[in-house]
Each structure stands twice: as C-alpha cells, then as structure tokens.
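Here our numbering is used: the first residue of the sequence shown is 11, the next is one more, and so on.
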Amino acid sequence: MNGQGVVWGRQNLRELPKFRDGTTYLYLEHTRLEHDGRGVRAYHPDGMITLPAASLSVLLLGPGCSVSHEAVKALSDTGCSLLWVGEGGVRLYASGIGETRSAARLQQQARLWANPDSRLRVVRQMYTMRFPHGLPEGLTLAQIRGHEGARVRDAYARYSAAYNVKWEQRQYKQNDWNRATPINKALSAGNACIYGLAHAAILATGYSPALGFVHTGKMLSFVYDVADLYKIEVVLPIAFREAATPGDDLERRVRTGLRDHMTGLRLLERMAADLHHLLGGDQNDPEPTAPGDLWDPEGDVQGGINHA
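Given below as structure tokens:
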C-alpha cells in the first residue's frame, strides 16, 4: 500500500477522495477509446488525445463512440463513471458502476425512502436547501411545491431580463429537437450535463439513482432529485448567457461553459457532501474485499464462514 490509501492492483474503496477532488466531465462523440498500457487514448477524426483518466470523474460517451474492454477497465480502476448518452448528452442510456462496492449507503437510502415519516423529512430538507433563507415553518407539501414553482418562475424571469433573452415556457420535445428555441436547447443541453454529474455522484457515493424522494417511478428519480438542488444556480446562468451569444455550436458552448462553472463551484464535492448529509451516509464503507453479511431477523450475522 502506498501513502495515498491505494492498494496496488485495487483501490481502497472505503475512501472516495478521487471523486470529490477530480475534474468534472468530458463529453465525446465519434471517438474510439483504447488502452495502450500507459493510458486511455481517444481517437477522433480530428486527431488523438490521451485522456486524463486519473482526474476524470465522469465520461459521457455520445453517438459514434466505441470503447475497448481494456479502456473500460482502466477508467473503472481510476473511479471514472462511464455514461452512455444520446446526441448532445440529452438522454442517458446506460451507466457503469460507481467507486464503492458496499451496499450500506444504499440500504440506508432504502430505509429512509420506505418509511413515510423519514421520506417526508428528506423531501422537506431537499426543498429547504433550494431557498437561501429557508422556508416558513408548518407549510404543507403542496404549499412547499407552490413556493418552489414561484422560485423557478422568478429565476427564469430574472435571467431573461439580465441577458435580454425572450422567455415564454420550458419546452423539450425529444422527436422535434430542431424546432426548439435556442434557450430551450441550451437548457436541455445544460440539464443533461447536470443529470450526468448527479448520476455519477450518486453511483460513486454508493446510493441508488432509482429511489427518489421528491420524484418517483423512474429509474433516474433520485438523479432528478439531486440535480434540482443545483439547477437554478448552475445551469440557468450559463444557458441564458450562451443563448444570448450569437454563433453556432450552442449545445457545445453550453457544455463547455458548464464544465468550467461546475469546476469553479466544486460541484462534485458539494454533491457528495450534500448526499451524505441528506441521507446520513458519512460512515466509512467496510473493507471492500470482505464477504457480505447474512440477513437474519434478529440481526445480520457474519458471512464467509461455515455456520455448521
């Protein structure tokens, strides 16, 4: 073992400093990824680059990408989350596993989710986090949603006036992308990026993207929950700024601007800390190579031994 908490040949999965300290994400299209023994190389029609795999937290693979088995293994060993997405990153099709191998945090999330009282407590806390000055005491959930709707409406109006971008309503039609207004395209591209980042944060910290508290019924419900905590602060200023800027490649400019903005905000670190704060998951994972326990109604018992 070296001084960085890494065992040669495998990562010490009880610690997640790489994910919290890493860069944000990289989006690729029409690229072939291969491992050459020294690193992961990305071959694109415009040239070849070596990916900063050791500091990369999320890799979004868009249309036209292919990746070798060895490249996937190398990226996984560094804790980089792989997400297979649609054009411009606007849809998520599949994802790799995160850095942790313990189910302790997922089980804690499931306990909070399954109990109506604890679930409501988490929901209230997630809404309260969106308001810098908090919310009045005693509000019903319907009243809280009303406050949130007003907050979002006011934010759109504020950024519309600041950047002189006409705003009418949020529209995203998956099968009619080209008819969307520039600001709606910018928002869709930006939201896809923050969804990818939230998904990677959830997987890397050991939670489930499906067990949402505010959102429900989708395999990415918790992704939407987490992304909504930061969307107004992070996505809107970049989306409106780029929609107001003349020129082509709007979606690419939004992704690039968000990458720099997220890095400056240390958003990955904030997401990891906020997830643990919300769900009480600050405990260390058990040794990753140890066998799991065996369930028993009187309490879990040690696994990996002969109980005869």
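For glycine and all other residues, C-beta sits at the position ideal for the given N, C-alpha and C. On a predicted model such as this, the values are computed, not experimentally measured, just so you know.
Assign F141 to buried or exposed, taking buried as 16 or more other Cβ atoms, counted over all protein chains shown, within 10 Å of its Cβ.
exposed
What's the gap between the Cα of V50 and the Cα of L71?
14 Å
Between the beta-carbon of I242 and the beta-carbon of G267, is there less than 8 Å?
no
Measuring alpha carbon to alpha carbon, tell me which residue in V224, V95, G106, T215 is nearest N201.
V95
Just how far apart, CA to CA, sit L116 and C75?
31 Å
Considering Cα atoms alone, identify which of R269, R163, M281 is closest to I212.
M281
Which of helix, strand or coil DSSP assigns to V16:
For V16, the predicted structure reports a pLDDT of 26, less than 50, and the residue's modelled location is therefore unreliable. A value from the coordinates is still provided. Strand at V16.
Grab the span of the beta strand (DSSP E) containing W123 for me, first residue to last.
That residue, W123, is in no beta strand (DSSP E); its alpha helix (DSSP H) goes 114 to 124.
Between S105, Y169, R134, T60, which lies nearest to H157 when the distance is taken from Cα to Cα?
R134
Do V68 and A210 have their CB atoms nearer than 8 Å?
yes
Going straight from the alpha carbon of N194 to that of Q181, what length do you get?
6 Å
Can you tell which of E308, L221, L246, D284 has its C-alpha closest to the C-alpha of G121?
In the sequence under discussion, the amino acid at residue 121 is Arg, which differs from the Gly named in the question. Comparing Cα-Cα distances from R121 to each of E308, L221, L246, D284, the minimum goes to L221.
Rounded C-beta distance between L36 and L66? I'm assuming under 8 Å.
6 Å
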